[in-house]
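Taking the working numbering, the leading residue of the sequence shown gets 45, the next gets one more, and so forth. Glycine residues also receive a C-beta, built at the ideal position from the N, C-alpha and C atoms. This report refers to the structure that appears directly beneath it.
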Amino acid sequence: MADEHSASADREDYHKVDLAILLGERLKTSQERGLTKTEHDSRLQKYGLNQLTPPKTVPEWVKFLKNMTGFFSLLLLAGGVLCIIGYILKKEIENLYLGIVLFAVVIITGTFAYFQEKKSNDLMASFKNMMPNRCTVTRDGNPTEVVAEDLVIGDIVHIKAGDKVPADIRILECSDDMQVDNACLTGESEPCKRSTKCTDANPLETQNMAFFGTQVPKGSCKGVVVATGDNTVMGHIAKLTLNTGSEKTPIGIELDRFISIISTIAITLGVLFFIIGIFLGTDLITNLVFMIGIIVANVPEGLLATVTLSLSLTANRMSSKNVLVKNLQGVETLGSTSCICSDKTGTLTQNMMTVANVVYDGKIFDCECSMYSKPTVDPTSESYFHLLRIAALCNNAKWDENSNKQPFIEELLLGDGSIEKRVMWKPLGDASESALLKYVQASFDVEVFRNENPKLKEIPFNSTNKYQVSIHQNAKVDERLLVMKGAPERILGRCDKILINGKVEEFTPELRKKMEDLQTDLSRKGLRVLGFAELPLDPAVYPKDYVYNSDTPNFPLGDDRETFPQDIPHTEHIFTKLCYVGMMAMIDPPRPQVPPAVETCKTAGIRVIMVTGDHPITAKAIAAKVGIIWGDTEDDIQLRNESKGLKEGDPGWEDPALAPAIVVPGWDLTPDLPDAIWDDILDHPQVVFARTSPQQKLIIVEHNQKRGEIVTVTGDGVNDAPALRKADIGIAMGIMGSAVSKEAADMILVDDNFASIVKGVGEGRLIFDNLKKSISYTLSSNIPELAPFLCFITIQVPLPLDTILILLIDLGTDMLPAISFAYENAEADIMRRPPRDSKRDHLVNKKLFTFSYLEVGVTQCLAALMSFFFMMNSFGFSASTLPGLGAYDNWGKQTLYCKVNGGNWYREVFDAQNKTSGFEAYEGSAPSNPEEFYTMFRQGYYFWDGGEIVQCHYPSKNFLGPTKSSPNFSLSDEASYNTANGGYTAENIVVTKQSIDVLLQNGYYPYIPLAGRVSPFWDRNWLRADTSKKTYVGLGKGTATAQLSYQPLGYWDINDWNSTEAKTSSSSSEVSSAVQAMIEASEYKMLGRKVFSNATFKQTRSADSFEYIYSLSFFEGDTQYANIASRMIQKEALYYSQTAYFITIVIVQIADLLVCKTRMNSLIDQGMSNHAMNSSVLFELALAYILLYTPVLNSALRTRPLPFHCWLIPFPYLIIVYTFDEVRKYLMRKTSLVTENPETKQILRDAGWIERNTYY
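Listed below in structure tokens is the structure:
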């Protein structure tokens, strides 16, 4: 036997090669005996089962990891790793919390995206119903029923009506009425005749081939298997589908672009400020943490989850309209569509032949179907009844007994809300006879009528005669009735009478010419026309006991005596002429929802191209009916010129080259067709492709994509699958669609309703609009989230917003409002705009950044900074004193020293009798030297208020202990600090007595603001905190590294400050440049340039000692106490102020939410009907309230319970944001010129300056 590969290569001539060569030389089989069992088993072992190779699947764990490793996720994971490293090195619990939160964000968002994707991918299993279960073969000369998967090439198979062809076969024998339904392969709506003859060079067109997966509605045959499994035509199409790469979706491209832009901004700013921090001397770990903060502030962590959920919500909404979405991103792609390449059969049409016109009384009448809005048939006409009678009796189609128990016609509610009348009974028979059966049943019960007029004899339809005849007992009169139907030209020639207005008249040449013209007119419209004739049989000639003979007909057939072959046995009866009754014209009609849907596509600027395997005439007729073609083709103009006798140059001559419409048959689409010809074809605004192969459909899609079109392909057959896969979005039919087309598609129309696509386009455009709005809303908070880090790095104020609060905004308060845009209604013009230009109209563009960052973001930032500084000032830290205090990790860790002008120092006094407390001002003069300050301070006058703060500083850190470890270190054990080689500071640079002296000598004293004392967060124990308890950070049994980075519980006295071995400071983090500028005494100058390595740690034993002013700590017995009020007020003031910053962003984001609801319309016109958004605002405020006023969350997240008036500070900014944007949109609408395309009703905008520069 020939090798399978060479056999596959020669497959194109299987239908042409001589049978003896095919069976004997190539396939090594016998038509009579088939294969032997031994030979069959050998071939099965060698070439495998007769089945299609299923598509490869991606393992679930790979899909899961893919969702965890997007670029945003990798950034956050890297940040989490750095935070954990920072915690290990510095033991600061904040870094651990932040690292855990970043990991959790990645895991939660990735898991969510994975399950959304999995839910969509689990819609269906592929290729389930492609394989017929069993078939009959000849093996060893005996008929045997086998599993179809066991077929091999060379097997002889037997197929009957109702079977599915189990492999590609060459037909050896067949009945005259043998037909196959090739709709799933070629798109033809009518069954195709089959015979043993090779009738076409194209194997798909020839009559002697039947292909795997096609149906046999009528007849029977015997054939030899020439290809199995993947080598069949369907297998090659399926393989072509699998090998066809899917293009990245437009929204996928846009999201990648957005991610690259945001990531570039985030990483660039992060690295830039990391370098700046290093230059300014910030320690490495602190720098890394703030670099992470800058990246987190720029990266919208919840965006991808928001996008996924928004797409999923839209997909769920579309599923309620009978559109199943397999690929979530396909939702938006459908909205970007600029070109729909639609299959005809089963997509634009109903995939069932239907009577569209009837001809009787010499006129054409319209029937009730989707081709016409109103029927013109007269149901009372006698001639019309005769036509229906023939259609009912001369017809072998019948009803499926299992289906006719339900109503004959039901009104079905489709996904787009329209009502469609559908015949619910299932006919059994070929397409044409089934169409006649359904049509007649609407007038009377066919089964009852047939029982009343029983059939006596029949000559079935055959391809030679092209007619069918049957004789019936007439129920109304005692006579027999002969009825005939067939090709109109054959029926016309057999009649010499015609029925006009219920009366038999002579069939004059004029009437005959009229009938021929009517038939030609219907055929040109792509309708399949059948002629009908009848003849009541004279009882005198054909009595009741007359025996009718169909082999040698002995009854009237209307044959012509002169042309009838005399060698064929016959009787004189056959030359009796019949009475011509009329014609019925059938077509696979368009779905009633399609014309208005196509009209909507025109309005939306979307071009609909028909791509079908059907005949060009039929394709053109349907295209014209649904509105895909509404102008003339080149042939139409040529015919009109010819009918007028006009030639080129004559007045009134029309140039065919200017025809707006074109119908291109597949045989013109050669593989080497130049691009210039393709451009000429696709430049036509109205295009139809007919008789196309699967490969040609694929090429058509590719050429449209080359022109920059976003292409949607619809189809239901196997032949559509490659194009469905290649398209930007493929849409398969759920009812009529093949398993292969459903597998290749991104969406499935459950009700096969083309109009649902248009609804989907609107949803797709809406999701793109809403994603823009959602991203704009999300990005607006980036500036107020980024600004704290910029302020911290540049002017070194305490950080106004920390990373955890940023995550609370991005993943907490902002998340639901961002998602709620998925529920936002469309703006009024959404389906009258042109399709989105993918090269210019990006999801994120310069104007969107300008809107989000400058218009809204800067306003938010100003509001938040005002709230921050207002709150800091209310706790005694004026805005003018804050610059510089955020540097070197001092805020909230070290005692702050300030120089003041005026004001008073206060101490707290208690009234034991009334159990109340108050404050008493210091009556002496303001301290002018450290000794005077100590005297006042020791009396309890800790708190200052009422004057001007000149400047504040922290003592310079200028000692680094050379000892690397102290195994028995204890915070309160002086000896554990002091070692032989110079002291232990756990590798921290620490404050010394000398650096404190610099401040004291220059009038800088420990600063504890009275405003902090009267604040709600004040803790009396801060004035004498037990250092052995871990009540406050930096005390208790913590790590030495962490403890020694806080306010020391003693002081370091430099031993070598005059030593030449003192190291020169190379980093301003080691010595404050501000302190350097203050030093005047010569003995202190060297402190600004050196870090010392030899000092003695001393602890103050009593608060009555002057040294208390250096350590702010003392002993009572064995217990050491410390005054940590200064640093704790700093910390709490910062937490309150950060919370105020946070709540300001939350409130101003409400204004941002409102202005982002529309891109063009006024909010007043758009309304507030988005209940999800309204609820999200309430949720946002409720969540913020919970975060601020829940004690356990205050501890975990460092939020604080703000006074009510702090919630009101942002409201003026909210009003500013909303008012400004409403004015901008008003001016944008008024300064742009709007016109309407009179042909398509599409809106055309001539954008004014404001729209050109601000419409994002």
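Quick one: what does DSSP say residue i is sitting in, helix, strand or coil?
| i | result |
| --- | --- |
| residue 822 | helix |
| residue 649 | coil |
| residue 475 | helix |
| residue 1104 | Its pLDDT being 42, under 50, residue 1104 is placed unreliably by the model, and nothing is read from it. |
| residue 302 | helix |
| residue 987 | strand |
| residue 709 | strand |
| residue 333 | helix |
Give every residue of the same chain whose Cβ lies closer than 6 Å to the Cβ of residue i, excluding the five residues on either side of it in the sequence, and list them in chain order.
| i | result |
| --- | --- |
| residue 340 | 847, 850 |
| residue 61 | none |
| residue 829 | 341, 850 |
| residue 455 | 463, 465 |
| residue 1301 | Limits of the chain in this structure are 45 at one end and 1300 at the other, which puts residue 1301 out of reach. |
Flag this pair as yes or no: are the beta carbons of residue i and residue j separated by less than 8 Å?
| i | j | result |
| --- | --- | --- |
| residue 386 | residue 745 | no |
| residue 331 | residue 322 | yes |
| residue 1261 | residue 1192 | yes |
| residue 1080 | residue 1090 | no |
| residue 1222 | residue 1231 | no |
| residue 187 | residue 394 | no |
| residue 1287 | residue 877 | yes |
| residue 968 | residue 1137 | no |
| residue 347 | residue 819 | yes |
| residue 778 | residue 767 | no |
How far does the alpha helix (DSSP H) with residue i in it reach, from first residue to last?
| i | result |
| --- | --- |
| residue 553 | 553-568 |
| residue 104 | 104-112 |
| residue 905 | 902-918 |
| residue 90 | 81-91 |
| residue 979 | 974-982 |
| residue 1293 | 1293-1298 |
| residue 925 | That residue, residue 925, is in no alpha helix (DSSP H); it is neither H nor E in DSSP. |
| residue 1212 | From DSSP, residue 1212 is part of no alpha helix (DSSP H); its letter is neither H nor E. |
| residue 1258 | 1255-1274 |
With a threshold of 7 Å, establish whether the CB of residue i neighbours any heavy atom of the ligand FMN.
| i | result |
| --- | --- |
| residue 466 | Here there are no bound small molecules, and the ligand FMN is not part of this structure. |
Using DSSP's beta-bridge definition, name the partner residues of residue i.
| i | result |
| --- | --- |
| residue 963 | 952 |
| residue 1096 | 1036, 1141 |
| residue 941 | 997, 1050 |
| residue 401 | 410, 629 |
| residue 1157 | 1166 |
| residue 264 | 204 |
| residue 1091 | Beta-bridge pairing links residue 1091 to no other residue. |
Ignore the nearest five residues each way along the sequence and tell me which others in residue i's own chain have a CB closer than 7 Å to its CB.
| i | result |
| --- | --- |
| residue 1082 | 1074 |
| residue 439 | 477, 480, 481 |
| residue 81 | 183, 184 |
| residue 934 | 998 |
| residue 158 | 107, 108, 111 |
| residue 1118 | Any answer about residue 1118 is weak, because its pLDDT of 34 lies below 50 and its placement is not dependable; what the coordinates show is given next. If we look at residue 1118 and ignore the five residues flanking it on each side, its Cβ neighbours are 928, 997. |
| residue 666 | 388, 392, 393, 570, 634 |
Go to residue i, then tell me how far its beta strand (DSSP E) extends in each direction, as first and last residue.
| i | result |
| --- | --- |
| residue 1326 | The structure shown does not extend to residue 1326, since the chain is modelled only from 45 through 1300, so no value can be given for it. |
| residue 513 | 511-517 |
| residue 733 | 730-734 |
| residue 791 | 791-793 |
| residue 188 | 186-191 |
State yes or no: is the beta carbon of residue i nearer than 8 Å to at least one beta carbon in chain C?
| i | result |
| --- | --- |
| residue 1235 | The chain inventory of the structure shown lacks chain C, comprising one protein chain alone. |
Sorted by chain position, which residues of the same chain lie with C-beta nearer than 8 Å to residue i's C-beta, five sequence neighbours on each side aside?
| i | result |
| --- | --- |
| residue 870 | 806, 809, 810, 813 |
| residue 397 | 233, 234, 475, 476, 478, 479, 572, 630, 631, 632 |
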